[in-house]
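*Asks:* Taking my numbering, I'd label the letters of the sequence shown as residues -11 to 208.
By construction, the Cβ of each residue, glycine as well, lies at the ideal position given by its N, Cα and C atoms.
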Amino acid sequence: MSRNGSLKNKKGKSGPGKKADGILRKSPIQKRVLLPDPVYNSLSVQMLVNRVLKSGKKSVAYRIVYSVLKKLSESTNENPVFVWEKALSNVQPRVEIKPRRRGGAIQQVPYVVHSVDRAQATAIRWVLLACQKRSGKDMITKLLSEILEASKKSGAAFRKKEELHKTALANQMNARKPEKIVKAIMDQDETTEKVAAEQGKTNTAGRWKKKNNMNTEKKA
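(1) To the nearest angstrom, how far is the alpha carbon of GLU62 from that of ALA163?
(2) Report buried or exposed for LYS165, applying the criterion of at least 16 other Cβ atoms within 10 angstroms of its Cβ.
(3) Rounded to the nearest angstrom, what separates ILE17 and THR64 at their Cα positions?
(4) From this set, LYS46, VAL79, ARG39, which residue's C-alpha is nearest GLU151's C-alpha?
(5) Give me the Cβ distance between VAL53 and VAL33, rounded to the nearest whole Å; I'm assuming they're in contact under 8 Å.
(6) Compare the Cα-Cα distances from MET141 to each of LEU60, LEU76, SER47 and report the closest residue.
(7) Where ASN38 and GLY143 are concerned, what is the direct C-alpha to C-alpha distance, given to the nearest angstrom?
(8) Mark PRO68 as exposed unless 16 or more other C-beta atoms lie within 10 angstroms of its C-beta, in which case mark it buried.
(9) Around the Cβ of SER15, are there at least 16 other Cβ atoms within 10 angstroms (buried) or fewer (exposed)?
(10) I'd like the list of long-range same chain contacts for ILE173, defined as Cβ closer than 8 Å, with 5 residues on each side in sequence excluded.
(11) Quick check on THR179: buried or exposed, where buried means 16 or more other Cβ atoms within 10 Å of its Cβ?
(12) Take the Cβ of LEU36 as the centre, count every other Cβ of all protein chains shown within 10 Å, and call the residue buried at 16 or more, exposed below.
(13) Assign LEU152 to one of three DSSP states: helix, strand, or coil.
(14) If you count every other CB in all the chains shown that lies within 10 Å of the CB of ALA93, and 16 or more means buried, which is it?
(15) In the DSSP assignment, find the beta strand (DSSP E) that holds LYS86 and state where it starts and stops.
(16) Go ahead and pull the three-state DSSP assignment for PRO98.
(17) Buried or exposed for PRO26, please, with buried defined as at least 16 other CB atoms from any protein chain shown within 10 angstroms of its CB.
(18) Express the C-alpha separation of ALA111 and ILE169 in angstroms, rounding to a whole number.
(19) Answer yes if the segment 107 to 121 comes into contact with the segment 132 to 141, meaning at least three C-beta pairs across the two stretches below 8 Å, and no otherwise.
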């Protein structure tokens, strides 16, 4: 400690990673802009590809995701991106829980998730974790089954979200505004489902119909 009472290191700086005037050395980190995938023109599909990606083999990740979407269209006879975004909407959490120490005890404090990107990233992570716990070695089959179940509000990923919401309701009094926690969970998310439906239809309806017609002509 110096004579004026300020903490300084041996080089005379005010702290690690900072200059003497308190300005950070590094510039603020800029958020990376996510571009939609090249086939379906969907941001949610590209997010799934990035999560499936392992060891830098993006071509393998694209093959897995596009094979799943193709089988989704064959099994449901619907826009596959619409089915995927419906499953994603059903799984993404509305709240999150963080441990906080209060009065010598650790409490589970729920918070509302305001960022849609954060909620979607959590939902995709849960879907892939549920796929890993499924029996079998074929990732395409496991991911297809999990997405179909999530679109029908079932499956391991959907149950994980429901358990998180129950825990948040049980600890709602630990939150600063419990009524916001209850409102976020009890909301039926009709607006979110409508947005997902419109986004899936507008982004991919033309390409999906064209591709489906080409497959029908080939079979004929």
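*Replies:* Looking at the atomic coordinates:
(1) As a first step, residue 62 is located in the sequence shown; it is residue number 74 there, counting from the start. As a first step, residue 163 is located in the sequence shown; it is residue number 175 there, counting from the start. Taking the straight line from one Cα to the other gives about 45 Å.
(2) What you label residue 165 is simply residue 177 of the sequence shown in a count that begins at 1. It counts as exposed.
(3) On the sequence shown, position 29 is the one that residue 17 refers to. On the sequence shown, position 76 is the one that residue 64 refers to. ILE17 and THR64: Cα-Cα distance of roughly 42 Å.
(4) Here residue 151 corresponds to residue number 163 of the sequence shown, with the count starting at 1. Answer by Cα proximity: VAL79.
(5) Numbered from 1 along the sequence shown, position 65 holds the residue referred to as residue 53. Numbered from 1 along the sequence shown, position 45 holds the residue referred to as residue 33. At roughly 6 Å, the Cβ-Cβ gap stays under 8 Å, so VAL53 and VAL33 are in contact.
(6) Locating residue 141 in the sequence shown gives position 153, where the first residue counts as 1. One detail in the question is off: residue 141 reads as Lys in this sequence, not Met. Ranking LEU60, LEU76, SER47 by Cα distance to LYS141 puts LEU76 first.
(7) Residue 38 sits at position 50 when you count from the first residue of the sequence shown. Residue 143 sits at position 155 when you count from the first residue of the sequence shown. Roughly 22 Å between the two C-alpha positions.
(8) The residue given as residue 68 occupies position 80 in the sequence shown. Label assigned to PRO68: buried.
(9) Counting from one through the sequence shown, the residue named residue 15 turns up at place 27. It is exposed - the Cβ of SER15 has fewer than 16 other Cβ atoms within 10 Å.
(10) Within the sequence shown, residue 173 is the residue found at index 185, counting from 1. For ILE173, where only same-chain residues beyond five positions count, the Cβ hits under 8 Å are ARG82, VAL83, HIS153, ALA156, LEU157.
(11) Along the sequence shown, one-based indexing puts residue 179 at 191. Low local confidence applies: a pLDDT of 46 at THR179 is under 50, so the model's placement there is unreliable, and no value is given.
(12) Residue 36 sits at position 48 when you count from the first residue of the sequence shown. Looking at its Cβ environment, which holds 16 or more other Cβ atoms inside 10 Å, LEU36 is buried.
(13) Taking the sequence shown and counting its residues from 1, the one referred to as residue 152 is at position 164. Helix.
(14) Counting from one through the sequence shown, the residue named residue 93 turns up at place 105. By the neighbour-count rule (16 or more Cβ atoms within 10 Å), ALA93 is not buried but exposed.
(15) In the sequence shown, the residue the question calls residue 86 occupies position 98. From DSSP, the beta strand (DSSP E) with LYS86 extends over 83 to 90.
(16) By 1-based counting over the sequence shown, the position of residue 98 is 110. Strand at PRO98.
(17) As a position in the sequence shown, residue 26 is number 38, starting the count at 1. Exposed is the call here.
(18) Taking the sequence shown and counting its residues from 1, one reaches residue 169 at position 181. Taking the sequence shown and counting its residues from 1, one reaches residue 111 at position 123. Using only the alpha carbons, I get a separation of about 19 Å.
(19) yes
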